[in-house]
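Asker:
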Amino acid sequence: MNFRCRLEELFTKNQQLREQEKVLYETIKVLENLLRAGLCDHCAVTEDHMWKKQQEFENILQQNLKLIAELVNEKTTLQEENKKLSEQLQQKIEYDQQHQATDLESEEDVIPDSPITTFSFSGAN
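Counted from 1, the sequence shown has number 58 at position 58 by full-length UniProt numbering; the numbering is strictly sequential.
#1: Please state whether DSSP places residue 126 in a helix, a strand or coil.
#2: Measuring only the C-alpha atoms, how far is L89 from F57?
#3: Which residue from K52, Q100, N73 puts its Cα closest to that of Y25?
#4: Considering only the alpha carbon of each residue, which of L17, R18, T46, Q20 lies closest to V30?
#5: Taking the alpha-carbon positions, what's the I68 to L85 distance?
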């Protein structure tokens, strides 16, 4: 359950970062277009602002890559845990089926309405 909560939290954070990344990307494009149009060729403030936005964009991109790596690692861990649990479940099912068959065979050896009762010992997991 803790893995699932963490996974949901990371997924939500990733979505937020992606949205921020889109906004920053669009802002950069607008500023680049203004510069190309010659409206702000000599405007140091705009260039500085664009540079800062580019840095923010790159930082968000790095955060996204880090978050994706964390999600991939967590997914791998969960898949391995799921595989182990599936194997344990399959072993338990096979064990139970074998003992159920053994119990049925031992019941066949009992005479109906016999005063002698059979005892079965169930094995611990």
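From the three backbone atoms N, C-alpha and C, an ideal C-beta is built for every residue, glycine too.
Answerer: Result, derived from the coordinates:
#1: In the structure displayed, the chain extends from 1 to 125; residue 126 sits before or after that span and is not available.
#2: 47 Å
#3: K52
#4: T46
#5: 25 Å
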